[in-house]
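Notes to accompany the following structure.
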Amino acid sequence: MEGKTESLKNRGKSSEDDKLFGNEKEQLKITEGLKDMYYLLSRDFPAKASVGLVGNRYRLKTKQIKALQGMGASSQDISLRKSKELTPQELKGKTIYLDGFNVIILFETLLSQGFIFKGLDGCYRDISSVHGTYKRVSQTQKVLVAIGEIFGKLELEKVIWVFDAPVSNSGKMKSFCYELAQQHNFKWEVLLDNSPDKFLCEGEKLICSSDAWILNECKQWFNLGNHIINNLFPNTKPSYIIEP
Numbered sequence: 001m002e003g004k005t006e007s008l009k010n011r012g013k014s015s016e017d018d019k020l021f022g023n024e025k026e027q028l029k030i031t032e033g034l035k036d037m038y039y040l041l042s043r044d045f046p047a048k049a050s051v052g053l054v055g056n057r058y059r060l061k062t063k064q065i066k067a068l069q070g071m072g073a074s075s076q077d078i079s080l081r082k083s084k085e086l087t088p089q090e091l092k093g094k095t096i097y098l099d100g101f102n103v104i105i106l107f108e109t110l111l112s113q114g115f116i117f118k119g120l121d122g123c124y125r126d127i128s129s130v131h132g133t134y135k136r137v138s139q140t141q142k143v144l145v146a147i148g149e150i151f152g153k154l155e156l157e158k159v160i161w162v163f164d165a166p167v168s169n170s171g172k173m174k175s176f177c178y179e180l181a182q183q184h185n186f187k188w189e190v191l192l193d194n195s196p197d198k199f200l201c202e203g204e205k206l207i208c209s210s211d212a213w214i215l216n217e218c219k220q221w222f223n224l225g226n227h228i229i230n231n232l233f234p235n236t237k238p239s240y241i242i243e244p
């Protein structure tokens, strides 16, 4: 058991993150770059070419480019996403499908005080990535319980977690979610799917994700990140939350 406890690390900052995001000069480069990204994307420049151009102009490092990609959006994408976004008051009695790893990793990062980034579409995103393997961290249980309690207050009928089946440890996460649901009386169902992005966008599902492709393709969605962060920090956001 000792080994298991020690293996639960944080999802926090890496050693270089403070240099890349923690000072005014670097943050200014990202904010200025974001204006250029918005201009290019709104004029139908390809996303890859746009971020390459902006990255070169501001001499951004790989992680800064990843943050910029997550924050950037065209005026068309912003309008499309806003038109399908539900308010907290509209969730009562509904079933919501969660993009499991996407949602969990964002809030693990937030609780670890790792950097997260607010996009032009109002979504918060992190710069972590699963790379085929997910490992629980010391914040995972707290994140899951908090989400369960929040959706309970919003009076949803049911919460369905959808995890990427090919990602290692997704089966363990399924079991862990059911274990917590039983302990806390959460109305949860947990699915493993080989193509969760496609699954989330099928039919009339109400979904929760910050993945840009899913947000464009889904029928309706709820901005859980915005809801939680605005409730946690109603006035001033901490320095590890980067906003446009």
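The opening position of the sequence shown corresponds to residue 1 in full-length UniProt numbering, with each subsequent residue numbered one higher. Yeah, the Cβ is synthetic: ideal placement off N, Cα and C, and Gly gets one too. This structure is a prediction, so every number in the text was calculated from the model and none was measured.
Its chain contains 72, 73, 74, 75 and 120 as the residues whose beta carbon lies nearer than 8 angstroms to that of residue 38, once the 5 sequence neighbours on both sides are disregarded; these appear in chain order.
Taking C-beta atoms as the reference points, residue 187 and residue 203 fail to come closer than 9 angstroms. Shown here, residue 228 sits in a helix according to DSSP, grouped into three states. Unbroken alpha helix (DSSP H) runs of no fewer than 4 residues, entirely contained in the UniProt domain "DUF5616" (89 to 226), are found at 100 to 111, 140 to 153, 170 to 184, 196 to 201 and 212 to 217, following chain order.
DSSP lists 222 as the bridge partner or partners of residue 86.
Contact annotation, residue 234 with residue 154: C-beta distance approximately 18 angstroms; criterion of less than 8 angstroms not satisfied.
Restricting attention to 66, 108 and 56, the CA atom closest to the CA of residue 135 is found in 108.
Around the beta carbon of residue 209, a 10 Å sphere encloses 16 or more other beta carbons of the protein chains shown; the residue is thus reported as buried.
Taking the C-beta atoms as reference points, residue 10 is found nearer than 9 angstroms to residue 139.
Here residue 49 is exposed: its Cβ has fewer than 16 other Cβ atoms, across all protein chains shown, within 10 Å.
Judged by their CB atoms, residue 113 and residue 238 are nearer to each other than the 9 angstroms cut-off.
With distances taken between CA atoms, residue 194 lies nearest to 167 out of 167, 181 and 28.
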